[in-house]
Structures are given as structure tokens and as C-alpha cells.
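As they're listed, the protein sequences go chains A and B.
The first sequence begins at 250 in my numbering and counts up one residue at a time.
The second sequence begins at 290 in my numbering and counts up one residue at a time.
Think of the CB as a built atom: it goes at the ideal place given N, C-alpha and C, for glycine as much as any other residue.
None of the values given here were measured: they were computed from a predicted structure.
All remarks here apply to the structure that follows.
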Amino acid sequence: MKINVDFDLCESNAICMQIAPEVFEVRDDDFLYVLIDHPPAELHAKVREAVDRCPKQAISLAEDLPAPE
Amino acid sequence: MVGASLAGLQAAQTLRRDGFDGELTMVGDEPHYPYDRPPLSKHFLAGAWEEEKLRLRAAADPDALGLTWRLGTAATGLDLEAKRLELSEGPALGYDGLIIATGAAARTLPGCELAGVHVLRTLDDAVALRADFDGGPDHVVVIGAGFIGAEVAATARERGLAVTMIEAASVPLGRVLDRSSGEAIADLHRANGVDVRLGVGVSGMRSAGGRVTHVDLEDGSAIQTSVVVVGIGVVPNVGWLEGSGLTLDDGILCDETCLAAPSVVAAGDVARWPNARFGGAPSRVEQWDNAIEQGAYAARRLLAWLSTDPDLATDLAPFQPVPWFWSDQYDKKIQLAGIPTETAAVVHGSVQEQRFVKIYLDDAGLFVGALAWNRPRQAIQARQLLAEGASAEDARAKLAPAPA
């Protein structure tokens with residue numbers, strides 16, 4: 250799984266950070282930082298929930314893309 | 290699923306993700322695939338986004354969820370005994386489980402039938418209003434300073450239109466914010482050139498040739514205008530359920546697990562349920578994130594119901610979310626977690642710099658909510674603290690700026 254954020258859409262509502270703080274962080278500069286581009290399997294359910302609940306629909310997933318070796 | 294918007298779509302997606310491989314049908318009275326409503330009053334009305342950008346991501350490929358779409362079809366009746374749903378078109382549908390997420394409709398006023406007078410709830414409403422904005426009217430009158438009214442006023446100003454916003458209450462957003470935050474909203478609109486009239490009701494509208502010409506106010510004044518937007522709240526869409534046996538009282542009354550009747554759950558704006566986190570009085574929540582959370586929860590509740598003996602309690606915990614909403618007006622992002630009270634303290638930043646966090650305490654001094662004004666990170670932090678039941682001292686310390 251590979252996470253893509255459309256930064257033209259992202260408005261740092263930080264819902265993703267609430268759901269998956271291991272992966273998403275909105276810092277005090279109000280920008281979103283993706284901490285893990287290829288989250289491990291145990292985080293996939295949380296990441297999917299973050300995708301669903303992004304108020305700007307700014308996060309998308311390439312589900313089939315494995316992490317690079 | 291009855292209702293093809295945010296809550297219904299999330300329910301469908303959850304059913305599939307959780308392994309339900311049976312037949313699914315989605316009934317929606319609008320002709321459109323599920324779309325996102327918040328941008329209607331902002332990007333779409335501003336002219337920055339077109340219709341295709343509004344489609345909800347989970348419906349981007351309508352075939353992906355393996356469901357039968359019955360769009361442009363309204364549910365017209367429900368027979369709980371026979372487990373049958375009547376539709377505006379075609380034969381009745383039988384079901385094993387039913388998820389009701391029919392949402393709410395914009396409340397109207399006498400005069401709403403006139404040309405130039407709009408409500409804003411659906412894509413079709415937004416298309417009609419945008420067309421009137423595109424015509425470059427001399428003046429726009431917004432009736433009601435709730436979310437819809439305030440956001441429409443902001444977008445109209447950003448389009449360079451002259452705007453008067455009228456609110457019968459003494460502050461904008463009085464139903465969802467504390468008084469001083471509501472006053473800050475009024476100031477924000479005034480600073481952006483909106484003529485804000487508070488504490489005065491509308492007595493009627495006048496027209497010529499079927500088009501609105503004036504809005505008359507209860508103080509005897511009148512405003513000449515060719516475009517009016519009425520944003521005075523919503524009423525839950527439950528008319529089709531009259532006589533069904535479901536308890537209808539400002540929405541569909543559910544138990545603490547969103548169950549409305551055997552094999553029937555409800556989610557989103559139409560559902561009224563007791564959230565034990567806030568004393569357990571049943572309430573409806575008209576919030577975007579709640580529609581998603583509750584749609585997912587209701588789907589799981591229904592699966593639990595269908596998979597076990599109905600006499601057995603489900604092991605799902607009651608639905609007890611911490612409410613959260615955002616509103617974008619001009620360059621301000623306003624977010625509220627929990628519930629507002631009049632006992633508030635700014636714990637981060639300041640109102641002057643237009644970047645702050647305010648916490649709310651209840652009568653017993655407990656931390657029950659927080660407002661973040663251009664402070665998104667802290668809004669979510671506050672929501673988390675509320676979910677954990679943090680004390681006021683704890684919230685104050687954790688939401689304060691980190692030492693430099």
C-alpha cells in the first residue's frame with residue numbers, strides 16, 4: 250500500500266492524524282506530513298479509515314503497490 | 290440502504306470491508322451518485338470546482354462495491370412486519386437488514402417558491418444558486434446565520450457580491466458555538482464587508498413577475514434584492530416512515546446502538562440516539578464526520594444483529610462519538626470538538642491574532658469541548674483528550690503552546 254496526499258486539496262483538518270498518528274502528522278506550521286509512505290499491514294485498516302474520513306478527500310491509496318525493497 | 294449520501298455510502302463500504310457478500314441495494318431520491326455536500330457552499334458555489342470533483346471517493350467507480358443503485362428513486366413506505374420497502378418506482382423491495390440514512394431537508398419559508406429564492410442542501414440547489422451568482426446580482430440577502438448562511442455569505446463576498454446577512458437570534462451560529470465565538474463570527478463577516486443584521490426576523494418577501502424583489506424585516510425595514518438564500522436549518526426526512534411503527538420524533542429514535550427496530554438501523558442526520566457521553570438524552574448530529582462514523586457503526590451493528598440470535602446482546606459498544614465539525618469562512622478554519630458552554634477559556638494563542646484554542650467547561654468544571662480557530666492540530670488533539678475523558682487541567686496543559 251502506498252499513500253498519496255493531494256496537497257492542493259489538503260487543508261490540514263488533521264482527522265487523519267487522530268485516526269492514524271503513526272502515519273499522519275499535522276505540525277504547528279499547519280502542514281500535513283506523511284510519516285510512512287508505505288504503511289505496514291497492521292496499519293492498513295486505520296489508514297483506510299483515515300482515507301474515508303478525510304473531510305477534503307485528499308488522501309488516496311495505491312492498494313497494490315508494495316513497499317520498495 | 291435507503292439514502293445515497295455520506296452515511297449510506299459509508300455503510301455500504303463497511304459492509305463489504307467486513308465481509309458481507311450478499312446482495313446490496315442503494316436507494317437514493319437524488320439522480321446523482323453520492324457527492325460531498327460541504328464544498329457546495331464553498332468551492333462549488335465559488336465557481337472553482339465543477340460537479341465531477343464532488344463525487345465521493347468511495348463512489349468514484351460505481352461498480353466497485355458490487356451494489357445495485359436505485360438512484361432517482363425515493364423510498365415511500367416501510368412495512369416492518371413484512372420486511373418490505375416501497376419505492377416511488379418499481380416493485381417493493383424485500384430485505385433482511387435495512388440501513389436508513391435519508392438525511393434531512395432544508396427548512397423553508399413562505400417565499401421560497403419565488404424565482405431568485407434558494408435553499409442550499411443538494412447539488413441541484415447549488416447549481417441553481419450558482420447560476421444566479423453568475424448573473425452578477427446587485428445584492429444577495431442571506432436569511433439565517435448558521436453554517437450554510439455564514440458560508441454562503443463568505444463565498445458571495447469572495448465573488449465580489451454585496452451581501453446582507455439576517456439572523457433572528459442575537460449572534461450567528463448561536464446553536465453551535467458559545468456567545469463570544471458567535472460574536473467573533475459576526476465581526477469576521479463585518480470585517481469582510483457583510484451587512485450583518487442580528488436580532489431581527491424576516492416578516493415576508495415581495496415579488497414582481499414571480500421573482501423576488503424585496504425582503505421585509507420585522508423592524509419595518511426592507512431590503513431590495515434579486516437573490517435570497519434561506520439557511521434556517523433542516524428537518525429530518527422521515528415523512529415516508531409515517532405509520533411504519535418506527536418512533537419518529539425529530540428524526541428516527543434509536544437505541545444507544547443505532548438500532549431503530551429489529552433488523553433496522555439508522556445513521557447520519559436522520560438518526561436520533563442517546564450518546565451516553567453527554568448524559569444520554571437522545572439527539573441528532575448534523576455533522577459530516579458523524580455521518581461517516583455512524584454509517585460505519587450502523588453497518589457493523591446490523592451485521593452483528595443479523596449474525597446472532599436477536600435475544601443475544603451484541604458485543605459492540607454503544608455509539609458514543611465525540612462530536613466534531615469544521616467550517617471554512619474566508620481564510621478562517623473554525624473547528625469545534627465536543628460541546629460548547631459559556632464557561633470558556635482561551636488556552637492557546639489569542640483572539641486578536643485570529644489563531645487560538647478555547648476550552649469549554651460544564652457547570653461541574655469538567656472539560657466538555659474545545660474550539661480551535663485556525664488551529665487544526667489542536668482541534669484534533671482536543672477531540673482525543675475528550676475521548677479519553679481528560680480533566681480540565683490536563684486539557685489546559687496539553688493544548689497550551691509547547692515551551693519555546
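Next item on the list: Report the neighbours of Glu-260 of chain A on chain B: residues whose CB is nearer than 9 Å to its CB, in chain order.
Entry: Simply Trp-615, Asp-617, Lys-622 and Pro-665.
Next item on the list: Could you tell me the distance, in whole angstroms, from the CA atom of Glu-271 of chain A to the CA atom of Ala-353 of chain B?
Entry: Their backbone Cα atoms lie some 29 Å apart in a straight line.
Note to self: Suppose you measure from the CA of Tyr-649 of chain B to the CA of Val-635 of chain B; what does that come to, to the nearest Å?
What the structure shows: Taking the straight line joining both Cα atoms gives about 9 Å.
Margin query: Alpha carbons only, please: which of B:Thr-502, B:Val-518 and B:Ala-676 is nearest the one belonging to Ala-565 of chain B?
Written below: Of the candidates B:Thr-502, B:Val-518 and B:Ala-676, B:Ala-676 places its Cα closest to the Cα of Ala-565 of chain B.
Check: Which residues mark the beginning and the end of the alpha helix (DSSP H) in which Gln-299 of chain B is found?
Finding: Gln-299 of chain B -> alpha helix (DSSP H) spans 295-306.
Item checked: Met-266 of chain A: contacting residues in chain B (beta-carbon distance under 7 Å) -> Taking the beta carbon of Met-266 of chain A as reference, the chain B residues within 7 Å of it are Ile-669, listed in sequence order.
Item checked: Against chain A: residues of the segment 324-337 of chain B by CB proximity under 8 Å -> Within the segment 324-337 of chain B, the qualifying residues are Asp-325 and Pro-327.
Item checked: Cβ of Gln-673 of chain B within 7 Å of any chain A Cβ -> Yes, Gln-673 of chain B counts as interfacial toward chain A.
Item checked: Inter-stretch contact at 8 Å, needing at least 3 Cβ pairs: the segment 492-507 of chain B / the segment 462-477 of chain B -> As far as the Cβ criterion goes, the segment 492-507 of chain B does not touch the segment 462-477 of chain B, which means the pair count is below three.
Checklist line | C-beta contact flag for Ala-458 of chain B and Val-452 of chain B at 7 Å | finding: For the pair Ala-458 of chain B and Val-452 of chain B, the CB atoms are not nearer than the 7 Å cut-off.
Notebook entry, point to check: So Arg-666 of chain B is in the alpha helix (DSSP H); what residue range does that whole segment cover?
Noted result: That run of the alpha helix (DSSP H) goes 665-677.
Check: Should Glu-440 of chain B be labelled buried (16 or more other beta-carbon atoms within 10 Å of its own) or exposed?
Finding: Glu-440 of chain B comes out buried.
Notebook entry, point to check: So, using beta-carbon positions, are Gly-317 of chain B and Leu-360 of chain B closer together than 7 Å?
Noted result: In contact: Gly-317 of chain B and Leu-360 of chain B (Cβ atoms closer than 7 Å).
Check: Residues of chain A with CB under 8 Å from Asp-578 of chain B, in chain order?
Finding: Neighbours of Asp-578 of chain B on chain A, chain order: Ile-264, Arg-302 and Pro-304.
Item checked: Cα-Cα separation, Gly-438 of chain B to Val-283 of chain A -> If you take the alpha carbons of Gly-438 of chain B and Val-283 of chain A, they lie about 35 Å apart.
Check: What separation, rounded to the nearest whole angstrom, lies between the Cα atoms of Asp-683 of chain B and Gly-493 of chain B?
Finding: It is roughly 50 Å from the alpha-carbon of Asp-683 of chain B to the alpha-carbon of Gly-493 of chain B.
Checklist line | His-332 of chain B, DSSP secondary structure in three states | finding: If DSSP states are grouped into helix, strand and coil, His-332 of chain B belongs with the helices.
Next item on the list: Quick one: measure Cβ to Cβ for Ala-420 of chain B and Val-431 of chain B, integer angstroms, because I've assumed they're closer than 8 Å.
Entry: No, Ala-420 of chain B and Val-431 of chain B are not in contact; Cβ-Cβ is about 17 Å, not under 8 Å.
Next item on the list: Go through its chain and collect everything with a Cβ distance to Thr-365 of chain B's Cβ below 7 Å, but skip five positions before and after it.
Entry: So the list reads Glu-375, Leu-376, Ser-377 and Trp-529, once near-sequence residues are dropped.
Next item on the list: Flag Gly-435 of chain B as yes when its Cβ comes closer than 6 Å to any non-hydrogen atom of the ligand PLP, and as no otherwise.
Entry: Among the components of this structure there are no ligands whatsoever, and the ligand PLP is therefore not found.
Margin query: Looking only at its chain, what residues have a beta carbon closer than 7 Å to the beta carbon of Ala-394 of chain B, apart from the 5 residues adjacent to it on each side?
Written below: Answer for Ala-394 of chain B: Arg-410, Val-523, Val-524 and Asn-526, listed in chain order.
Check: Quick one, are the C-beta atoms of Leu-450 of chain B and Val-429 of chain B less than 7 Å apart?
Finding: Yes, these two residues count as a Cβ contact at 7 Å.
Notebook entry, point to check: Can you tell me whether DSSP reads Gly-383 of chain B as helix, strand or coil?
Noted result: Looking at Gly-383 of chain B - three-state DSSP - the assignment turns out to be strand.
Next item on the list: Starting from the C-beta of Val-646 of chain B, find all residues in its chain whose C-beta is less than 8 Å away, skip the five residues before and the five after it, and write them out in chain order.
Entry: Contacts found: Val-635, Val-636, His-637, Gly-638, Ala-659, Leu-660, Ala-661, Trp-662, Arg-664, Gln-667, Ala-668, Ala-671 and Leu-688.
Notebook entry, point to check: Since Leu-310 of chain A contacts Ile-264 of chain A with CB under 8 Å, what's their CB separation in whole angstroms?
Noted result: For a cut-off of 8 Å, the C-beta gap from Leu-310 of chain A to Ile-264 of chain A is around 16 Å, too long to register as a contact.
Notebook entry, point to check: What residues in the segment 345-358 of chain B bring their beta carbon closer than 8 Å to a beta carbon of chain A?
Noted result: Listed by position, the residues of the segment 345-358 of chain B near chain A (Cβ gap below 8 Å) are Leu-345, Arg-346 and Ala-347.
Notebook entry, point to check: For the candidate residues B:Val-489, B:Gly-520 and B:Pro-399, whose alpha-carbon lies nearest to that of Ala-511 of chain B?
Noted result: The shortest C-alpha separation from Ala-511 of chain B is found at B:Val-489.
Note to self: So if DSSP puts Gly-638 of chain B in a beta bridge, which residue, or which two residues, is it bridged to?
What the structure shows: According to DSSP, Gly-638 of chain B bridges with B:Phe-645.
Check: If you follow the alpha helix (DSSP H) that Asp-578 of chain B is part of, which residue opens it and which one closes it?
Finding: For Asp-578 of chain B, the enclosing alpha helix (DSSP H) covers residues 577-596.
Next item on the list: Starting from Phe-309 of chain B, trace the alpha helix (DSSP H) both ways and give me its first and last residue.
Entry: Per DSSP, Phe-309 of chain B belongs to no alpha helix (DSSP H) and is neither H nor E.
Margin query: Which residues does DSSP list as the beta-bridge partners of Ser-496 of chain B?
Written below: Its beta-bridge partners are B:Val-501.
Check: Per DSSP, which one or two residues make a beta bridge with Trp-358 of chain B?
Finding: By DSSP's assignment, Trp-358 of chain B forms a beta bridge with B:Met-315.
Notebook entry, point to check: So which residues of chain A does Gln-299 of chain B contact, with C-beta pairs closer than 8 Å?
Noted result: Neighbours of Gln-299 of chain B across chain A, judged by C-beta separation under 8 Å: Asp-301.
Margin query: Do Leu-398 of chain B and Tyr-324 of chain B have their beta-carbon atoms positioned less than 7 Å apart in this structure?
Written below: Taking 7 Å as the cut-off, the Cβ atoms of Tyr-324 of chain B and Leu-398 of chain B do not count as close.
Note to self: Which residue wins for smallest C-alpha separation from Ser-294 of chain B, given the options B:Gln-576, B:Gly-678 and B:Pro-380?
What the structure shows: For Ser-294 of chain B, the closest alpha carbon among the candidates B:Gln-576, B:Gly-678 and B:Pro-380 is that of B:Gln-576.
Next item on the list: Please determine if the segment 582-599 of chain B and the segment 537-550 of chain B are in contact, where contact requires at least 3 C-beta pairs separated by less than 8 Å.
Entry: Pairwise C-beta distances place the segment 582-599 of chain B in contact with the segment 537-550 of chain B, as three or more of them are shorter than 8 Å.
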